[in-house]
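As they're listed, the protein sequences go chains Y and H.
According to numbering that gives the first Met the number 0, the first sequence is numbered sequentially starting from 0.
According to numbering that gives the first Met the number 0, the second sequence is numbered sequentially starting from 0.
The beta carbon of each residue, even a glycine, is placed where N, CA and C say it ideally should be.
Keep in mind the model is a prediction, meaning the values are calculated, not measured.
2 protein chains.
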Amino acid sequence: MVSIKQIAQHVGVSTATVSNALTGKGRVSADMVDRIRRCADQLGYRPSPAARALKSGQSNILGLVMPDLTNPLFPRIAQSLSIAAEARGLGILIGDSRGDASRQQQAVMRLVDRGVDGLIIVPQKGTSPEAPRHVPTVIINTASDQRTTVSADHVGGGILLGAHIAGLGHNDVILLGGDRISQVQQDRIDGMTQGLGAAVTKHILWGKSAFDQLDRLVSQGATAIMATSDMLALGAHSALMQISLSVPADVSLTGFDDLPLGTAMHPALTTVVQNTQAIAEHSLDVLSCLILDRPAPPLGRVIPMHLVTRHSTAAPRRAANS
Amino acid sequence: MVSIKQIAQHVGVSTATVSNALTGKGRVSADMVDRIRRCADQLGYRPSPAARALKSGQSNILGLVMPDLTNPLFPRIAQSLSIAAEARGLGILIGDSRGDASRQQQAVMRLVDRGVDGLIIVPQKGTSPEAPRHVPTVIINTASDQRTTVSADHVGGGILLGAHIAGLGHNDVILLGGDRISQVQQDRIDGMTQGLGAAVTKHILWGKSAFDQLDRLVSQGATAIMATSDMLALGAHSALMQISLSVPADVSLTGFDDLPLGTAMHPALTTVVQNTQAIAEHSLDVLSCLILDRPAPPLGRVIPMHLVTRHSTAAPRRAANS
DNA sequence: AATGATTAATTAATCGTTTAATCAAATAAG
DNA sequence: CTTATTTGATTAAACGATTAATTAATCATT
Chain Y
0 MVSIKQIAQH
10 VGVSTATVSN
20 ALTGKGRVSA
30 DMVDRIRRCA
40 DQLGYRPSPA
50 ARALKSGQSN
60 ILGLVMPDLT
70 NPLFPRIAQS
80 LSIAAEARGL
90 GILIGDSRGD
100 ASRQQQAVMR
110 LVDRGVDGLI
120 IVPQKGTSPE
130 APRHVPTVII
140 NTASDQRTTV
150 SADHVGGGIL
160 LGAHIAGLGH
170 NDVILLGGDR
180 ISQVQQDRID
190 GMTQGLGAAV
200 TKHILWGKSA
210 FDQLDRLVSQ
220 GATAIMATSD
230 MLALGAHSAL
240 MQISLSVPAD
250 VSLTGFDDLP
260 LGTAMHPALT
270 TVVQNTQAIA
280 EHSLDVLSCL
290 ILDRPAPPLG
300 RVIPMHLVTR
310 HSTAAPRRAA
320 NS
Chain H
0 MVSIKQIAQH
10 VGVSTATVSN
20 ALTGKGRVSA
30 DMVDRIRRCA
40 DQLGYRPSPA
50 ARALKSGQSN
60 ILGLVMPDLT
70 NPLFPRIAQS
80 LSIAAEARGL
90 GILIGDSRGD
100 ASRQQQAVMR
110 LVDRGVDGLI
120 IVPQKGTSPE
130 APRHVPTVII
140 NTASDQRTTV
150 SADHVGGGIL
160 LGAHIAGLGH
170 NDVILLGGDR
180 ISQVQQDRID
190 GMTQGLGAAV
200 TKHILWGKSA
210 FDQLDRLVSQ
220 GATAIMATSD
230 MLALGAHSAL
240 MQISLSVPAD
250 VSLTGFDDLP
260 LGTAMHPALT
270 TVVQNTQAIA
280 EHSLDVLSCL
290 ILDRPAPPLG
300 RVIPMHLVTR
310 HSTAAPRRAA
320 NS
């Protein structure tokens, strides 16, 4: 590999001058800069990241810890972060926390040992990851998580959906959660509850076993099902079809997150999107400030979600119990 | 941060001795090793990756370039790679090639500039990424791609599915591809064609507009639809339901890749899984050899796929045209 | 007891880059 | 014409770890 030393030799100056010329610091005459630049890219010089990291104490690399990636939302966040990081000249080292909290902790440690400048953690549901004191960290979870610096407004998203469903005239609704240990899902349920308003009857069910109760509840008058994720909504849709109920004619259905499958299924799913781009940008803004020890990064910011109305929701066939 | 130098000072020896004691090289007395070890973890010493990388010329970091992550299979590969890499003491730096070939090329360059020891590239469909001469690279694509060192056996997977469908007695089948530019999908189609055998009538359709033709082809006698991905299969399923055809009673349906949505939908999708774990392991084996300049890494290996029979396939209602 | 072999530690150089301190030459000011 | 000041470069140290070469001390051998 060609180093600054070789350039120095070629041009006949000291390495310090080469460094100064290339980084634009110190005093170097204009035409010397020119000669050095020319020589550098003629020789195909690429600065050594290791040497820079060693000298500066900064790797320009961030660690990203993600939960099990089966949920297609996480890759989207990862991608947004990757794009945003790249724009800031930062690299992203991935760490998988697959499964339990202890592995998550291990992943954090490994990344720190690799010399990352900062960490972005999307916690396992129900866990509280801890980063070493001296490593700047941003946690992306949900607003009601006290430690969180950045998150989508899951409650707000729920409100949007709830208001939409209530606005269509539904007044007996099933709320479907996947795992009650997840604070995100709790917040979504809370939001939906708020959005629906006090007048609407609500049945909150958790887990896949809930599918079995759909039949009974619908026959007792429920006219809409609101799931805490698109995937769950797909499952509910399948369950409904088994008992010959159609969406949205018999039952309206909503999801969360706007996954690709939401447009692949029929009817296309009414759902709520989070602006992963904005979350990524803001996470990095905060993290950059923390790393540079800059004052008062705007903490606890919440990124609004947006309603995507498609064809899985409609007015109820007739008012059920009122 | 605590360095080797501070330990040396504490214990009252030279840094060389500390280094030797900690790495187990050179000559150090047993109890000196003990004292140094003790002091090291009392002070909370963590070796500097930057310094090591500078001295050794190896970063122990691999670059992973992935196409647009909307396809949920890629995260799964990323996760498998991440786990396999970790077991080998390697880190993974991600690069997003979102969209076009030129960005993919940029992503490769950026990773190389960050000093990765090697690259793993999952190419954009229809592109030929190039890594700089001196950077060991493994490409994960499909066996018919000449440059590829590792891949799932997409043709074999297709054969498995084709044989399964033919074995059930179907003899008029629709093959559904998403994008004909993708070599992977071409191979899958080829495999399915082979697996079905010469006696079966095949209609090959590409793209989402193909959904419109399903009605006609089925009424003309087609009894099964085989898609090149689970997502596409979900789309087909929705299209079928719109024209009141049920799966598998009226039409059998198969996918590819065993995505989570395959079990969320009803009936659960018959599909084919790739062993991402094995692909990851083998990729890293090959890459490690290339990096260490070891001889003859087993090239062009193909990892078999496995059939997952669920409830979206059944014997045709009655033999259509024979 | 003198020589050689072995053991345990140290010295010093190195990886590639940055940067504070220094220096010589040229220019400006008195 | 001497004294400041500015300019453009160099020297040398530093970042943290590794390692070949070296030295000093211990032990065994004849």
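Query	Result
Euclidean distance between Cα positions of R51 of chain Y and R113 of chain H	11 Å
Close beta carbons around L167 of chain Y, own chain, < 6 Å, minus the five adjacent residues each side	A314
Beta-bridge partners of N387 of chain Y, as assigned by DSSP	A query on residue 387 of chain Y cannot be resolved here, the shown segment of chain Y reaching from 0 to 321 and no further.
Same chain, Cβ closer than 8 Å to A15 of chain H, neighbours up to 5 away in sequence not counted	G25
Segment contact, 8 Å Cβ cut-off, at least three pairs: the stretch 279-299 of chain H with the stretch 260-270 of chain H	no
Cβ of L174 of chain Y within 8 Å of any chain H Cβ	no
Per-residue DSSP class, three states only, for D95 of chain Y	strand
Per-residue contacts from D95 of chain Y into chain H (C-beta, under 9 Å)	A77, Q78, S81, I82, E85
Touch test, the stretch 33-44 of chain H against the stretch 82-99 of chain H, Cβ-Cβ under 8 Å, three pairs minimum	no
Segment contact flag, the stretch 96-110 of chain Y with the stretch 98-108 of chain H, C-beta cutoff 8 Å, min 3 pairs	no
N- and C-terminal bounds of the beta strand (DSSP E) containing I290 of chain H	No beta strand (DSSP E) contains I290 of chain H, which is instead part of the alpha helix (DSSP H) from 275-291.
Three-state secondary structure (DSSP) of A130 of chain H	coil
Close Cβ partners of P294 of chain H (< 7 Å) along its chain, the five nearest in sequence each way excluded	none
Counterpart residues of V115 of chain H in DSSP-defined beta bridges	For V115 of chain H, which the question treats as bridged, DSSP gives no partner whatsoever.
Among Y:T192, Y:I6, Y:M264, nearest to V172 of chain Y - alpha-carbon criterion	Y:T192
Listed by chain order, chain Y residues near M230 of chain H by CB distance under 8 Å	P259, L260, A263
Check whether V250 of chain Y and A223 of chain Y have beta carbons under 8 Å apart	yes
Beta carbon of D116 of chain Y nearer than 8 Å to that of I60 of chain Y	yes
Contact set between G90 of chain H and chain Y, taken where Cβ atoms lie within less than 7 Å	L92, R113
Against chain Y: residues of the stretch 208-235 of chain H by CB proximity under 7 Å	M230, L233, G234
Beta-carbon contacts of A318 of chain H that lie in its chain and below 8 Å, excluding the five residues immediately before and after	Unreliable positioning characterises A318 of chain H in this predicted model, as indicated by a pLDDT of 49, which lies under 50. The coordinate reading is nonetheless provided below. Excluding sequence neighbours, A318 of chain H sits near G168, N170.
Member of Y:T269, Y:D30, Y:A235 whose CA lies at the smallest distance from the CA of M264 of chain H	Y:A235
As assigned by DSSP and simplified to three states, the class of S251 of chain Y	strand
Residue-chain proximity (S237 of chain Y, chain H), Cβ-Cβ < 8 Å	yes
For Q219 of chain Y, the nearest candidate out of Y:G56, Y:K201, Y:V107 (CA to CA)	Y:K201
Residue of H:R132, H:V301, H:Q78 minimising C-alpha distance to V285 of chain H	H:V301
Integer Cβ distance of I120 of chain H from T136 of chain H, believed to fall under 8 Å	6 Å
Spatial distance of L298 of chain Y from S208 of chain H (CA atoms)	47 Å
Status (buried if at least 16 other CB within 10 Å, exposed otherwise) for I93 of chain Y	buried
Contact under 8 Å by Cβ, A49 of chain Y with S58 of chain H	yes
Proximity test, Cβ basis, 8 Å: H68 of chain Y and chain H	Checking the sequence shown, residue 68 of chain Y turns out to be Leu, not His. For L68 of chain Y, the answer is yes, since a Cβ of chain H falls inside 8 Å of its Cβ.
Separation of Q78 of chain H from S245 of chain H, as counted between CA atoms	36 Å
Of the listed residues H:G56, H:G90, H:D211, H:S228, nearest to Q185 of chain H (C-alpha basis)	H:S228
Proximity of L204 of chain Y and L175 of chain Y at Cβ, strictly below 8 Å	yes
Separation of A151 of chain H from G196 of chain H, as counted between CA atoms	22 Å
Every unbroken alpha helix (DSSP H) inside the stretch 7-95 of chain H [4 residues or more]	14-22, 29-42, 48-55, 72-86
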